[in-house]
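Remarks on the structure that follows.
There are 2 protein chains.
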Amino acid sequence: MKIINDVKFLIVGLGLIGGSYAQALTDLGYEVGAITRSQSSIDYAKENGLIAHGSTEISGDYVGKFDVIIFALYPKVLVEWIEENQSLFKSGALITDVTGVKGPIVYKIQDMLRDDVEFVGAHPMAGKEVYGVQNADKSIFKNANYIVTPTAKNTEKAIEATKQIGRLLGFKTVSELSPEEHDEMIGFLSQLTHCIAVSLMDCKESEKLVDYTGDSFRDLTRIAKINDSMWSELFLLNKKELLSQMDLFMSKFTELRNALEAEDTDKMREMMRISTERRRHFDKK
Amino acid sequence: MKIINDVKFLIVGLGLIGGSYAQALTDLGYEVGAITRSQSSIDYAKENGLIAHGSTEISGDYVGKFDVIIFALYPKVLVEWIEENQSLFKSGALITDVTGVKGPIVYKIQDMLRDDVEFVGAHPMAGKEVYGVQNADKSIFKNANYIVTPTAKNTEKAIEATKQIGRLLGFKTVSELSPEEHDEMIGFLSQLTHCIAVSLMDCKESEKLVDYTGDSFRDLTRIAKINDSMWSELFLLNKKELLSQMDLFMSKFTELRNALEAEDTDKMREMMRISTERRRHFDKK
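Sequence order for the protein chains is R and X.
Heads up, the final residue of the first sequence is numbered 274 in my numbering, and it's a clean run with no missing numbers.
Heads up, the final residue of the second sequence is numbered 274 in my numbering, and it's a clean run with no missing numbers.
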């Protein structure tokens, strides 16, 4: 805690992630405020000790009090919020976010931002299949990864402070990627897997299949319960990268399909041996 | 236990599943014997109280003692075993199996089988990513499904006895499907999901991705660790059905891909809403 010390945190957007950030930071003794659209979310967060105070209004008096402002909004709303209200930020404030796509967000914000405040992108890879501040739970960060995505515009001090936030929140690993590396990685590891789960679940009226379902189908489709407004926005923001990951997957899947059609056992077994070997790396952690 | 009572069980093939069957039945007080290729598996099973006795030889003296014979072998070996040794079965014996594909196995065995013994197919939908009798563990049946696949050739008595075995083993649900219904269902729920996991894992050298991997990728690829000789055999046995399930999945996946390319948000969101709604059914159990 060399850099972050005695700072006041503002969370903009009190949903599951914003609420969980608030909980973790308040529990560490920081003063945490919130701006969010619904008064009932603020009331809930205050009553349950997640925040010290909050507002449904965006005012200079309130926003200007905070040293660190964390945006937990949908991507488009986030960019608009900063566009319209950046004059309210305290000079020297650190701004960060939780958005799942980085390239299109980070550069846009940095390009328009005042020179006396700094934005460093961050992506907490944590979540739940439930929504809202009522489900806030800082323990979702415990085994999760937190990725900071700085650019050439960022200072070492602000990058380090943003990483420090990830450590304070209790993430298992805190790492650094360029926005482009982040979007490629997330396209493959997260967005592609969600596309697979959604497509698989859409194949059949599967209600009657529940009685026969083993763990494999259940595991593969857990993430098919998906917030359609948020994820469609994230998919579109990462369109080029996600399309290329989807095409890569489709080409591998087609390889296996064609090996089966041709009864090419050697090819099928080779693909299975590769997957078995590679999957082992993921057991170590 | 109206039908099965004081019966002696023979397990042919002491691997993970055969060993777990043996453990469950021995623990209930039944006399369980085993035939398997390796003496060390028999030694292990005896020393650990999974079986009363066992043999690496296939002899009439031994096989003829048993009322129920459960085959836990790979599909081709199973059919060959019965072809070569069916003269050794005790008259009136009930024969069953654990094979993951039913159509090509059940009819082949029933067509060649002696008239005074009866074969009823069964599929215990349970497993682990480890192999061998040393990993035998009857608790894998506890939350799992057991499916009996009778044909017109089977008697009510033998069907009921086979179901009773599933209940004795401790399966959560015991149900009945035709071999054809079974193979369609398993093609979709199990084989297709394994094809997806293998293809996804084969896409990239993913070792460097471990640090960024969230639960979704981990869950989707858990079953990418796969016994390549067994699964390639099962895929080929169910080739027609699996190809049709793979094509169905690919068409849905392509629908989502093309919606993304066309930036058709409504279509993407509709697919996500369907998957979310359908996946809810799987939470209830």
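Positions of the beta carbon are idealized from the N, C-alpha and C atoms, including for glycine.
Just so it is clear, the structure is predicted and the values come from calculations on it, not from any experiment.
What residue range is occupied by the uninterrupted alpha helix (DSSP H) comprising residue i?
i        : result
Lys256/R : Thr254 to Arg269
Ser164/R : Run containing Ser164/R: none in the alpha helix (DSSP H); it sits in the beta strand (DSSP E), Thr162 to Glu165.
Ala213/R : No alpha helix (DSSP H) contains Ala213/R, which DSSP labels as neither H nor E.
Phe238/X : Lys228 to Glu250
Glu71/R  : First, the residue type needs correcting, since residue 71/R is Ile and not Glu in the sequence shown. Looking at the DSSP string, the run of the alpha helix (DSSP H) that includes Ile71/R is Pro64 to Asn74.
Leu181/R : Leu181 to Asp191
Ala150/R : Glu145 to Leu158
What does the alpha-carbon distance come out to for the pair residue i and residue j?
i         : j         : result
Ser195/X  : Arg267/R  : 7 Å
Ser167/X  : Ser221/X  : 23 Å
Val1/X    : Phe60/X   : 5 Å
Arg258/R  : His171/X  : 24 Å
Val187/R  : Ile24/R   : 33 Å
Asn247/X  : Lys161/R  : 37 Å
Arg82/R   : Arg269/R  : According to the sequence provided, residue 82/R is Ala. The question's Arg does not apply to it. Roughly 44 Å separates the two Cα atoms.
Gly155/X  : Ser48/X   : 27 Å
Lys(-9)/X : Lys(-3)/X : Unreliable positioning characterises Lys(-9)/X in this predicted model, as indicated by a pLDDT of 41, which lies under 50. A coordinate reading is not provided.
Glu20/X   : Asp50/X   : 16 Å
Thr151/R  : Phe78/R   : 17 Å
Ala147/X  : Val122/R  : 56 Å
Met101/R  : Leu245/X  : 34 Å
Tyr33/R   : Ser76/R   : 29 Å
His183/X  : Ser205/R  : 8 Å
Thr254/R  : Ala115/R  : 39 Å
Lys229/R  : Glu165/R  : 22 Å
Asp(-5)/R : Asn227/R  : 37 Å
Val52/R   : Gly89/R   : 24 Å
Val68/R   : Asn74/R   : 10 Å
Gly22/R   : Ile71/R   : 17 Å
Lys274/R  : Lys117/X  : Any reading at Lys274/R must be qualified, since the residue scores a pLDDT of 49, below 50, and its modelled position is unreliable; the value itself is stated next. Their backbone Cα atoms lie some 19 Å apart in a straight line.
Lys97/R   : Tyr63/R   : 15 Å
Lys142/X  : Asp104/X  : 10 Å
Ala41/X   : Thr140/X  : 33 Å
Ala133/R  : Gly203/R  : 26 Å
Lys65/X   : Leu249/R  : 17 Å
Thr45/R   : Ala125/R  : 19 Å
Pro113/X  : Thr144/X  : 21 Å
Lys193/X  : Ile58/X   : 45 Å
Using a C-beta cutoff of 7 Å, does residue i count as contacting chain X?
i        : result
Asp208/R : yes
Leu223/R : no
Asp217/R : yes
Lys35/R  : no
Arg156/R : no
Ser9/R   : no
Ser29/R  : no
Checking 7 Å against the spacing of the C-beta atoms, do residue i and residue j come in under that value?
i        : j         : result
Gly275/R : Ile31/R   : In the structure displayed, chain R extends from -10 to 274; residue 275/R sits before or after that span and is not available.
Gly110/X : Thr138/X  : yes
Thr15/X  : Leu(-1)/X : no
Val119/R : Phe271/X  : no
Ile263/X : Asp191/R  : yes
Met174/X : Tyr201/R  : yes
Phe242/R : Leu231/R  : no
Val87/X  : Ile6/X    : yes
Val163/X : Tyr135/X  : yes
Asp208/R : Asp208/X  : yes
Thr265/X : Lys214/R  : yes
Phe238/X : Leu181/X  : yes
Thr210/X : Leu189/X  : yes
Do residue i and the ligand SAH come close, with the Cβ less than 6 Å from some heavy atom?
i       : result
Ala13/X : This structure lacks the ligand SAH; in fact it carries no ligand of any kind.
Could you name the residues of chain B that residue i contacts, counting a contact when the two beta carbons are closer than 9 Å?
i        : result
Asn134/X : Among the protein chains of the structure shown, namely R and X, there is no chain B.
If contacts are defined as beta-carbon pairs under 8 Å, then residue i and residue j qualify, I think. What distance do you get, rounded to the angstrom?
i        : j        : result
Lys127/X : Gln12/X  : 5 Å
Ile84/R  : Val106/R : 6 Å
Can you find a C-beta in chain R that's less than 7 Å from the C-beta of residue i?
i          : result
Lys161/X   : no
Ile212/X   : yes
His270/X   : yes
Asp86/X    : no
Phe130/X   : no
Glu196/X   : yes
Ser264/X   : yes
Asp191/X   : yes
Val68/X    : no
Met(-10)/X : Caution is warranted here: a pLDDT of 41 is assigned to Met(-10)/X, below 50, making its placement in the model unreliable, and the coordinate value is therefore given only provisionally. So no, Met(-10)/X is outside the interface.
Leu226/X   : no
Ser164/X   : yes
The beta strand (DSSP E) spanning residue i covers which residue range?
i         : result
Asp86/R   : Leu83 to Asp86
Val109/R  : Glu107 to Met114
Thr138/X  : Asn134 to Thr138
Leu(-1)/X : Lys(-3) to Val1
Val119/X  : From DSSP, Val119/X is part of no beta strand (DSSP E); its letter is neither H nor E.
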